[in-house]
Each structure stands twice: as C-alpha cells, then as structure tokens.
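*Asks:*
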Amino acid sequence: MHRFFISPTAIHDARVLLRGTIVHQIRDVLRMQPGAEIVLLDNSGNAYRAEIVMIDRDTVRARITDQWKLETEPTTRLTLYQGLLKGQKFDWVLQKGTELGITRFVPLLAARCVIGNLEDVSDTRLERWQRILVEAAEQAGRAVLPHITAPLLFAPACASAAQSGLALMPWEGERSRGLREMLQNVDKSKELSVFIGPEGGFADEEVALAQAHNILPVSLGSRILRAETAALATASAILYELGDLG
Ligand code: SAH
Numbered sequence: 065m066h067r068f069f070i071s072p073t074a075i076h077d078a079r080v081l082l083r084g085t086i087v088h089q090i091r092d093v094l095r096m097q098p099g100a101e102i103v104l105l106d107n108s109g110n111a112y113r114a115e116i117v118m119i120d121r122d123t124v125r126a127r128i129t130d131q132w133k134l135e136t137e138p139t140t141r142l143t144l145y146q147g148l149l150k151g152q153k154f155d156w157v158l159q160k161g162t163e164l165g166i167t168r169f170v171p172l173l174a175a176r177c178v179i180g181n182l183e184d185v186s187d188t189r190l191e192r193w194q195r196i197l198v199e200a201a202e203q204a205g206r207a208v209l210p211h212i213t214a215p216l217l218f219a220p221a222c223a224s225a226a227q228s229g230l231a232l233m234p235w236e237g238e239r240s241r242g243l244r245e246m247l248q249n250v251d252k253s254k255e256l257s258v259f260i261g262p263e264g265g266f267a268d269e270e271v272a273l274a275q276a277h278n279i280l281p282v283s284l285g286s287r288i289l290r291a292e293t294a295a296l297a298t299a300s301a302i303l304y305e306l307g308d309l310g
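In my numbering, the protein residues as written are 65 to 310.
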C-alpha cells in the first residue's frame, strides 16, 4: 500500500483533506480512484489507513479507517556528515541512508570537494534532496522523516558534532583504531555522528582539526572504499552492531 507523509493539519477527526503535490501523485502518477486505500504518516509516529473518497482538480478527500503507532525509528540517532559528491552519488547516499535508518544528514563542504563554495549548492539541489528523503522514507515506512541541514563548511561541522555524543571519522589513513572496537561501549540512546569524505578523501588538516574536536579517526579495514560505499557500509555496520538492523 502506498505511504505518504502529510501535515497533521490535513486530518480532522476521521476526515482527510489533501492538497498540493500529493494530489498530483495520487491522481496523475498513481492513477488512483475513489475506493483505493492509502497509508498516511503524520511525521510524529502515527500511521493512518485511509480510503479515498473523492478526487478532484486540487484536492483529494479520504476517510480514516484505522490508526496505529509506527515503531520503525532506530534507537540510535545517527547523523551522517557527508562530503559533497559529484553527480548523483550524493542523492544515492541520501536515498539508501534513509532506508537504512540514518536520522540526520549534514552536507559537508570539505577541502577536496569538487564544488567550490556553499553558494554553488543551488536551491533546486536542496529541494531535490528533500524530495529524495521524503520518497525514500515513505518507501521504507519510516515513522519520522530524516532531517537534512543546509550544507556546512568543515570547521562549523566539527564544532557541531563535538557537542553531541560519539563522533567518528572513517579515514583510510588510520592504522590502529577500527570502527568495530569503537562501538563496543556506546550509549545507544545518545546521538552518534559519522564523517565521510568526498571522492578525494579528507585533507590532513581536516583530520587534525577533527581530532582536536574529539572526532576520532577510525579504519574501515584494509581496502579503500568509494565515498558512497564507505557511507553506507559505516551506517550499516553501526546500526547492525547497535541492534537496529536485524
Ligand atoms: N583519498 C583516498 C580515497 C578517499 S575514499 C584516495 O583517493 O586514495 C572517500 C572516503 O571514504 C574517505 O574520506 C573516508 O571517509 C572513507 N573511506 C574509504 N575507505 C576507507 C577505509 N578503508 N577506512 C576508513 N575510511 C575509508
């Protein structure tokens, strides 16, 4: 059954009034008819089964037939600070990271990013990222939409991560400290942050600055992974080790 995030204000008792892009989605893309059933998510953990009653030019009306609590959010709140990537790779990290259970994404403008400055990240790109998160979260049945922040420069990103729980930086130059050992005594209820570099990796000064903020370099093993592989492998390993992935 198709799932859609909606504003809680669209629901009045058992009646639902939908407007905006969701109308286009239901009517033109999915070609649904009155009588069809959908699942509505209010982004605070409530799910509603609803039957479509009426579809017109600007609105869809539906009737709620069932309601339940969604328990699909991971216990561990994982933030991914991801170096901006070329082409569609960043989109891919957002989509797959949402499926896996990442809670927050911070696009990172690191020294070796191809893109030169924050102004070059266009509004259309930000909107596309937001749309990718919504679609992936609906598809995965997430109870709460992951959050994506505005892109940050490296130094403010370090300062921000330093204020929350454990922060790790997978770095191919790390020889002794492995990801696994860092996860042995983690407090699952705290936020956990991960820094992944762009295609060219982190610059030495960035690794040093991160360490100065107590962001710990860790190894992902002896092979060099592409940035997008490293991001998803790290998220999977963390969520698995902390019991949120099977
Ligand atoms: N600078 C490297 C590749 C960077 S890989 C080169 O071109 O040779 C991109 C990112 O993936 C890195 O910044 C790091 O965060 C992560 N990464 C890839 N392989 C890794 C490994 N074996 N251990 C830790 N981190 C790794």
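We put the CB at the ideal spot given by N, CA and C, even for glycine.
1) I need the boundaries of the beta strand (DSSP E) containing Met118, first residue and last residue.
2) Taking only runs of the alpha helix (DSSP H) that begin and end inside the segment 95-183, which ones reach a length of at least 4 residues, in chain order?
3) If you check the beta carbons only, do Lys153 and Glu292 fall under 8 Å apart?
4) Please report the straight-line C-alpha distance between Leu289 and Pro281, rounded to a whole angstrom.
5) Put His66 into one of helix, strand or coil per three-state DSSP.
6) Measuring alpha carbon to alpha carbon, tell me which of Val198, Ala200 and Ile302 ends up nearest Met233.
7) Starting from Leu243 and walking both ways along the alpha helix (DSSP H), at which residues does that stretch end?
8) Who are the Cβ neighbours of His76 in its own chain at under 7 Å, not counting the five residues just before and after it?
9) Verify whether the separation of the beta carbon atoms of Pro98 and Ile119 is less than 8 Å.
10) Given Ala78, which residues of its chain have a CB within under 7 Å of its CB, disregarding the five upstream and five downstream residues?
11) Whose CA, out of Val80, Ile70, Asp122 and Gly84, lies closest to the CA of Ser108?
12) Reducing DSSP to helix, strand and coil, say where Ser253 ends up.
13) To the nearest angstrom, report how far apart Leu313 and Ser286 are at their CA atoms.
14) Helix, strand or coil, according to DSSP, for Val185 in the structure here?
15) Tell me, please, which residues DSSP counts as bridged to Phe259.
16) Is the Cβ-Cβ distance between Leu256 and Leu142 less than 8 Å?
17) Between which two residues does the beta strand (DSSP E) containing Ala231 stretch?
18) Taking the beta carbon of Asp251 as the centre, do at least 16 other beta carbons fall within 10 Å, making it buried, or is it exposed?
*Replies:* Reading it off the structure:
1) Residue mapping note: residue 118 aligns to position 54 of the sequence shown, counting from 1. Taken as a continuous stretch (DSSP letters only), the beta strand (DSSP E) holding Met118 covers Asn110 to Ile119.
2) 153-164
3) Indexing the sequence shown from 1 puts residue 153 at position 89. Indexing the sequence shown from 1 puts residue 292 at position 228. Contact: yes.
4) Here residue 289 corresponds to residue number 225 of the sequence shown, with the count starting at 1. Here residue 281 corresponds to residue number 217 of the sequence shown, with the count starting at 1. Going from the Cα of Leu289 to the Cα of Pro281 covers about 15 Å.
5) Taking the sequence shown and counting its residues from 1, one reaches residue 66 at position 2. Coil, per DSSP.
6) Reading the sequence shown from its first residue, position 169 is the one you call residue 233. Nearest of Val198, Ala200 and Ile302 to Met233, Cα basis: Ile302.
7) Along the sequence shown, one-based indexing puts residue 243 at 179. Leu243 to Met246 is the extent of the alpha helix (DSSP H) around Leu243.
8) As a working mapping, residue 76 is identified with position 12 in the sequence shown. Nothing meets the Cβ criterion.
9) Your numbering for residue 98 matches position 34 in the sequence shown. Your numbering for residue 119 matches position 55 in the sequence shown. Yes, Cβ-Cβ distance for Pro98 and Ile119 is below 8 Å.
10) Counted from its first residue, the sequence shown places residue 78 at position 14. Taken in chain order, the residues that qualify are Arg127 and Ile128.
11) Here residue 108 refers to the residue found at position 44 when the sequence shown is read from its first residue. Per the Cα distances, Ile70.
12) Taking the sequence shown and counting its residues from 1, the one referred to as residue 253 is at position 189. Three-state DSSP puts Ser253 in coil, outside helix and strand.
13) Here the chain covers residues 65 to 310 and nothing more, so residue 313 does not appear.
14) The residue labelled residue 185 in the question sits at position 121 within the sequence shown. When DSSP states are grouped into helix, strand and coil, Val185 belongs to the coil group.
15) Sequence index remark: in the sequence shown, residue 259 carries index 195 (1-based). Answer is Tyr145.
16) In the sequence shown, the residue the question calls residue 256 occupies position 192. In the sequence shown, the residue the question calls residue 142 occupies position 78. Leu142 sits close to Leu256, with the two beta carbons spaced by under 8 Å.
17) Here residue 231 refers to the residue found at position 167 of the sequence shown. Note, Ala231: beta strand (DSSP E), Ala231 to Pro234.
18) Position 187 of the sequence shown, counted from the start, is the residue given in the question as residue 251. Classification of Asp251: exposed, given that the 10 Å Cβ count is below 16.
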